[in-house]
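As given, the protein sequences belong to chains A, B, C and D, one line each in that order.
Mapping of the first sequence onto the numbering used here: position 113 corresponds to residue 113, and the numbering continues sequentially without gaps.
Every number in the numbering used here is 1000 more than the matching position in the second sequence, counting from 1.
Every number in the numbering used here is 2000 more than the matching position in the third sequence, counting from 1.
Every number in the numbering used here is 3000 more than the matching position in the fourth sequence, counting from 1.
For reference, the structure discussed in these notes is given below.
There are 4 protein chains.
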Amino acid sequence: MNELDLLKQRLRDFASQRDWEQFHSPKNLSMALIAEAAELVEHFQWLTEEQSSRLTSDKLSEVEQEIADIQIYLVRMADKLGIDVLEAVGKKIAINEKKYPADKVRGSSKKYTEY
Amino acid sequence: MNELDLLKQRLRDFASQRDWEQFHSPKNLSMALIAEAAELVEHFQWLTEEQSSRLTSDKLSEVEQEIADIQIYLVRMADKLGIDVLEAVGKKIAINEKKYPADKVRGSSKKYTEY
Amino acid sequence: MNELDLLKQRLRDFASQRDWEQFHSPKNLSMALIAEAAELVEHFQWLTEEQSSRLTSDKLSEVEQEIADIQIYLVRMADKLGIDVLEAVGKKIAINEKKYPADKVRGSSKKYTEY
Amino acid sequence: MNELDLLKQRLRDFASQRDWEQFHSPKNLSMALIAEAAELVEHFQWLTEEQSSRLTSDKLSEVEQEIADIQIYLVRMADKLGIDVLEAVGKKIAINEKKYPADKVRGSSKKYTEY
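Structure representation (structure tokens):
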């Protein structure tokens, strides 16, 4: 059993002990996830790119918590939909390798539809 | 080495082969991540909660791809900030257990600040 | 001069009196805007659709503030890009009327690309 | 009647002609709004701040459409909750003036809780 599977199980227990399964529809979880993603964005919104790379240790632990929250809701969401996150990632990287061949896209940030 | 560490390494290679590290500031990655989170939200926005739990297989594979994208950007972001995602999650679950004791919050969706 | 033009002017003054123009790049404003949009989402994430229609007066004034914040950043962003919001809305409604003819889409929430 | 009131009325008609009121719960509208906000973010995610200020005319018309979409959903949302957007904005600016006195915050992007 890999780490994300263990996490999935742990989050199931956390939710069921609190009778929170009733709130965890995929629709609601997608909202919770984006709300956490926005807290991440908020930390960076007035920083330059360069500043965003060298956070103070206080900021960094706040950011660490937002990253954890996103991971938690992502695993919860995938679990409710019966999706295996790591398998999904493997498939998506294969797709991205086709969409963005290294020789073609090197140094460019264009979307694949723009090539 | 756990799966997320392997993924971290794989994504580093993917970015450096394409000379994309220059675009991957934490600021930019937070934007890319929330844009993917929003694609997830978009799938669910007009569905009832109940409908969001029983997607067609076409919708489900689209959702699977969005979940993968979020996981990818999350690992990338954490890597650029030197954050270990699984360690962050472990710490956050411990915090959540204190904030939301099962006996106190059972069946309620209030935020801890509202108790 | 319409109300949004007046607001645009007022927000310009607000920013320049605080020497905040330097932070108000379109990129940064898009981040601030989505962070506010997420605060709106957060109010609704664990509510049923029905509950979201009958908020307590406390919740309603919080929501009112988020709506104001979104409007403020939207006008700011449009101003920085030289976009007239009301003109943009007029053009977009015309597009939507073509994309979604009433007779064709009645009672359906599908995206125009799905028809 | 001001322009946003006219827009509110026009959007009511648009929705009712399509029998879309059933989908327009505040919960759902908050999701639609953030999905549009994210499309704005997506346009800027790989651009530098400086690049985000000088878009090509093609990009600019795409951005113009996203801004329109956000305005549309914002007015729709406020209408469903009985909120007057311009009044809300007036109140919020007064709050911001107290939170961020020009003399105190000049040139700083800190949040008011950080002063």
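Glycine included, C-beta positions come from ideal geometry on N, C-alpha and C.
Just so we're clear, the structure is a prediction, and the values are computed from it rather than from any experiment.
8 Å CB neighbourhood of residue i in its chain, flanking five on each side removed
i                 : result
Leu1074 (chain B) : Leu1033, Val1085
Gln1025 (chain B) : At residue 1025 (chain B) the sequence reads Ser, which differs from the Gln that was named. Counting only Cβ-Cβ distances below 8 Å, and skipping sequence neighbours, we find Lys1080.
Tyr1100 (chain B) : Tyr1112
Gly90 (chain A)   : none
Residues near residue i by beta carbon distance below 7 Å, same chain, minus five either side
i                 : result
Glu1039 (chain B) : Glu1066
Thr37 (chain A)   : According to the sequence shown, residue 37 (chain A) is Ala rather than Thr. So the list reads Ile70, once near-sequence residues are dropped.
Arg76 (chain A)   : Leu11, His24, Leu29
Leu55 (chain A)   : Val63
Lys1059 (chain B) : His1043
Ser2057 (chain C) : none
Glu3050 (chain D) : none
Within 8 Å, strictly: CB atoms of residue i and residue j
i                 : j                 : result
Ala3035 (chain D) : Glu1042 (chain B) : yes
Leu1006 (chain B) : Ile1072 (chain B) : no
Gln1009 (chain B) : Ala102 (chain A)  : no
Glu52 (chain A)   : Trp3046 (chain D) : Checking the displayed sequence, the identity of residue 52 (chain A) turns out to be Ser instead of Glu. It is not a contact, given that the beta carbons lie outside the stated cut-off.
Lys1027 (chain B) : Phe44 (chain A)   : yes
Asn2 (chain A)    : Glu1003 (chain B) : yes
Ala2088 (chain C) : Ala3068 (chain D) : yes
Tyr115 (chain A)  : Lys104 (chain A)  : yes
Quiz item: In chain order, what residues of the segment 56-70 of chain A put their CB closer than 7 Å to some CB of chain B?
Solution: Result list: Leu60, Val63, Glu64, Gln65, Ile67, Ala68, Asp69, Ile70.
Exercise. Return the residues of the segment 1018-1044 of chain B that lie within a Cβ-Cβ distance of less than 8 Å from chain D, sorted by chain order.
Key: Against chain D - using a Cβ distance shorter than 8 Å - the residues of the segment 1018-1044 of chain B are Phe1023, Asn1028, Met1031, Ala1032, Ile1034, Ala1035, Ala1037, Ala1038, Glu1039, Val1041, Glu1042, Phe1044.
Quiz item: If you pair each beta-carbon of the segment 1010-1023 of chain B with each one of the segment 1074-1083 of chain B, do three or more pairs fall below 8 Å?
Solution: yes
Quiz item: Going along the chain, which residues of the segment 2092-2115 of chain C sit with their C-beta nearer than 7 Å to a C-beta in chain B?
Solution: Ser2109
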